Structures are given as structure tokens and as C-alpha cells.
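Q: Have a look at this one.
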Amino acid sequence: MPIEFFAKVSVFCFLASYLVALGVDAARLLKRLPVARWIGLAFGVAGFAAQTGYLLIRGRQENLPPLLSSPHDWLLVLAWIVVLLYLFLTAVDRELAVGLFLLPIVLLFVGASYLVSKQPNPLIAGNLGLVKLHASLLVVGIAGVVVGVTLSLMYVVQHRRLKQHHASQPGVLLPSLARLARWNWWAVVVSVPVLTLGLGSGVALGLTSKEAGAVLSFSDPIVLGHGVVWVAMMSLFVWLLTTRRSTGKQVAALTLWAGGFLLVILVGLQVLSLTSFHSGAKTSLRTRDCKLKIESTGSQHARLCGSVCKLQSTPCRLDLEERHA
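Numbers 5 to 329, taken from the numbering used here, label the letters of the sequence shown in order.
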């Protein structure tokens, strides 16, 4: 199938597919129908295919990998990884009710992608290798946290079902508490170091980038938010490694708090669109960069201004007029 087939695919196409898949999985709680498993899986596969095509088209339009194209595409790549995990687990064990826990997180990421910038960050141009490392480590680390949160939710639900003697409820098959607790422990222990490397490479990117030099600040809202999240996750990481008699319920509760906080901060800061050097399309950053370029010497003012501030031509012209006056 040629990639051009997906040229008219919109975010709503795969958002609707995942919503239907979640609805089908939820319906299985009421009545256990074998055909429902296949219907839900079919809509999940259809949404995954549409999302894959959409990301490839976006990457071609921006001439960048989907992971680096924009905050919009970055959130969709994160959702894509979670969907891939959902499809894999469903294919391995079709009775496992993993969609009830993973698909709401997918819908959160896809829905949030509507509200964030589609413009690429200008820092990418001169630091492509470091940007790839930063974005890749960050998305893998956050995906690991998502897995931990999902396992924690499963643990809480399974613990309550066993306590109320509803473990054999139709349509809901979950692993044992011991297995969920063990998987949860490993999800946190593996994801936090990866997340740390991702944040560290981001700091290195900001400090070494000439484009970011004039605007990078550790008071940047996204830097602060990620820093607070890292402290929370690292505290959980240290606690897991130093506490020998922690119960599965304690691990699940702490993972839910720390991981849930990470997801809220991650999505919230992106949706609020606060002024940050992470957001390549922010007016204040483009205008400032434009002014810095105009202050350079030579007769290339207009060309530099036009190339750096393509989306802010009016402020550029005003700055030029003031200079010539």
C-alpha cells in the first residue's frame, strides 16, 4: 500500500478507531462474546495503521523523523508505542483485558496532540544527533512509566476483585498479584534510568546549542516541570531499591502517584503552550532570534530575517525599518 494512501488521514480517524476499540472492550464487562475480541482488535489494528501512515506523512512534510517533527508528532509517537504494546499483548492473550487500561492513556495522548504545536523546534537544525538521542530516550522512558502505571492500575483492580471475591468476573482476565507486582517493579527500575538519560541529554542539548543559548533558562516551565517529575520518579526508584519488604500494594500506589503525576505534568505543560525553548513555534522565541540575527553585520539582514522568522514576517519588517531609520 503506497504511503500516499494516508495523505488524507486525520487524527480523528485513528482517535475514533481507538475509542471504538475501548468501547468494545468495555462492553465485554457486561457480556462475554467471542466476536467482541476480534472486533476490538480489528479497530485497534485499523487505528494503528492509520496513525502509522499519518506519522510517515507528517515526517515527509517536515523532512524530519516523526519523533522530531513537532510536539504534536512526539505525543503521537508516544501514543503509537502504547498502541503497539496493546496490540502485542492482545495478540498474545486475547482474554487479557489490557485495552481497558492502555487505551484511555492512548486517547489522552492523541487528544492532547490536538492542542499542541505542529511546528518543529529550530534547535533541531544544528544538533540533530543529540536531539534524536534526547527524544528517543525520553519517549522510551515515558513509555516505561506508562507501563508501570498500567500495571499498577491492574494490581489495584485485581486486588479489589480478589478481596470482594469477583476474580472470575466475565470479560476481565488479569495476571496474578505476584506477577503484576514483579512486572511493576521492573518497569520502574528500567524506565527511570532511561528517563534520567533523556533529561540529561536535553540539558546538554540546551547548554551546547547556539540557538538555545539566548533563551535557555532553568526557570523554563517545561524544564522545571520535568525536573520535579524526575525527582518524584527518582525517589520512587531509590525507595524500590533500598526497601526489601515493600508490598505489592505499596509499590502500585507509589507508582500510580509518581507516574500519574508525570503524565499530568507532561501533557499539561504541552497543552498550556507556555513560553519555552522547547516550543519552536513560540512567537517570543522566534522574534528574539530574529532580532539577534538582524543585529549581525552585512547586507543579509532581510534574508536572515526571512529564513529564521518565516512565520513572523511582520515583526521582522518592523525591526528592519527601525534599524534603517
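For each residue, glycine too, the CB sits at the ideal point set by N, CA and C. Predicted, not measured: the structure shown is a model, and the values here were computed from it.
Is L177 helix, strand or coil by DSSP?
A: For the purposes of this step, residue 177 is identified with residue 173 of the sequence shown, where counting begins at 1. In the structure shown, L177 sits in a strand (DSSP, three-state: E or B).
Q: Taking the runs of the beta strand (DSSP E) that are 3 residues or longer, which of them lie wholly in the stretch 191-251?
A: none
Q: I'd like to know if the stretch 104-111 and the stretch 16-29 are in contact, where contact means that at least 3 CB-CB pairs between them fall below 8 Å.
A: yes
Q: In whole angstroms, what is the alpha-carbon distance linking R32 and A40?
A: As a working note, residue 32 is residue 28 in the sequence shown. As a working note, residue 40 is residue 36 in the sequence shown. Answer to the nearest angstrom: the Cα atoms are 7 Å apart.
Q: Using beta-carbon positions only, say whether G145 and G202 come within less than 8 Å of one another.
A: The sequence position of residue 145 within the sequence shown is 141, counting from 1. The sequence position of residue 202 within the sequence shown is 198, counting from 1. Yes; because the gap between Cβ atoms is below 8 Å, this pair is in contact.
Q: First and last residue of the alpha helix (DSSP H) that includes S140?
A: For the purposes of this step, residue 140 is taken as the residue at position 136 of the sequence shown. First-last of the alpha helix (DSSP H) with S140: 132-167.
Q: Straight-line CA distance for V135 to L100?
A: Counting from 1 along the sequence shown, the entry for residue 135 is found at position 131. Counting from 1 along the sequence shown, the entry for residue 100 is found at position 96. Each residue's alpha carbon lies about 37 Å from the other.
Q: For the alpha helix (DSSP H) containing Y2, list its first residue and its last residue.
A: Lying before the first or after the last residue shown, residue 2 is absent from the chain, which here runs from 5 to 329.
Q: On the three-state DSSP scale, how would you describe L34?
A: Looking up residue 34 in the sequence shown gives position 30. Correct three-state label for L34: coil.
Q: Taking V335 as part of the alpha helix (DSSP H), name the residues at either end of that continuous run.
A: The question about residue 335 has no answer, for the chain in this structure spans 5 to 329.
Q: Would you decide whether T354 is buried or exposed? Buried here means 16 or more other CB atoms lie within 10 Å of its CB.
A: Any answer about residue 354 is impossible in this case: the structure gives the chain only from 5 up to 329.
Q: To which residues of the same chain is F18 closer than 6 Å at the C-beta, ignoring the five residues directly before and after it?
A: One-based indexing of the sequence shown puts residue 18 at position 14. Here the set comprises G51, A54, Q55.
Q: Distance check for T259 and R164, CA to CA, integer angstroms please.
A: The residue you call residue 164 lines up with position 160 of the sequence shown. The residue you call residue 259 lines up with position 255 of the sequence shown. R164 and T259: Cα-Cα distance of roughly 17 Å.
Q: Taking S14 and H76 to be in contact with their CB atoms under 8 Å, please state how far apart those CB atoms are, rounded to whole angstroms.
A: In the sequence shown, residue 14 corresponds to position 10, counting from 1. In the sequence shown, residue 76 corresponds to position 72, counting from 1. Not really, about 12 Å apart at Cβ, beyond 8 Å.
Q: Three or more beta-carbon pairs under 8 Å between the stretch 192-210 and the stretch 147-156, yes or no?
A: yes
Q: If I'm right that L266 touches M238 with Cβ under 8 Å, what's the distance once you round it to whole angstroms?
A: In the sequence shown, the residue the question calls residue 266 occupies position 262. In the sequence shown, the residue the question calls residue 238 occupies position 234. So it is not a contact: roughly 11 Å between Cβ atoms.
Q: For K167 and L91, what's the separation of their Cα atoms in angstroms?
A: Here residue 167 refers to the residue found at position 163 when the sequence shown is read from its first residue. Here residue 91 refers to the residue found at position 87 when the sequence shown is read from its first residue. Rounded to the nearest angstrom, the two C-alpha atoms are 30 Å apart.
Q: State the beta-bridge partners of L100 as determined by DSSP.
A: Residue 100 sits at position 96 when you count from the first residue of the sequence shown. Answer is L177, bridged to L100.
Q: Terminal residues of the continuous alpha helix (DSSP H) containing P70?
A: Translated into positions along the sequence shown, residue 70 becomes position 66. It spans 70-73 - the alpha helix (DSSP H) in which P70 sits, taken as one unbroken run.
Q: Quick check on N67: buried or exposed, where buried means 16 or more other Cβ atoms within 10 Å of its Cβ?
A: Taking the sequence shown and counting its residues from 1, the one referred to as residue 67 is at position 63. The residue is exposed, with fewer than 16 neighbouring Cβ atoms inside 10 Å.
Q: Just the Cα atoms here: how many angstroms apart are Y58 and W84?
A: On the sequence shown, position 54 is the one that residue 58 refers to. On the sequence shown, position 80 is the one that residue 84 refers to. Rounded to the nearest angstrom, the two C-alpha atoms are 11 Å apart.
Q: How is A83 classed by DSSP in three states: helix, strand or coil?
A: By 1-based counting over the sequence shown, the position of residue 83 is 79. Note: A83 maps to helix in three-state DSSP.
Q: Apply the 10 Å Cβ neighbour rule to K286 and answer buried if 16 or more other Cβ atoms are within range, or exposed otherwise.
A: Sequence index remark: in the sequence shown, residue 286 carries index 282 (1-based). With a pLDDT of 45 at K286, under the threshold of 50, the modelled position of this residue cannot be trusted; read the value that follows with caution. Classification of K286: buried, given that the 10 Å Cβ count is 16 or more.
Q: Cβ of A185 within 8 Å of Cβ of V232?
A: As a first step, residue 185 must be located in the sequence shown, where it is residue number 181. As a first step, residue 232 must be located in the sequence shown, where it is residue number 228. Against a cut-off of 8 Å, the Cβ pair of V232 and A185 comes out as no contact.
Q: For V235, is the classification buried or exposed, using 16 other Cβ atoms within 10 angstroms of its Cβ as the cut-off for buried?
A: The residue you call residue 235 lines up with position 231 of the sequence shown. So V235 ends up on the exposed side.
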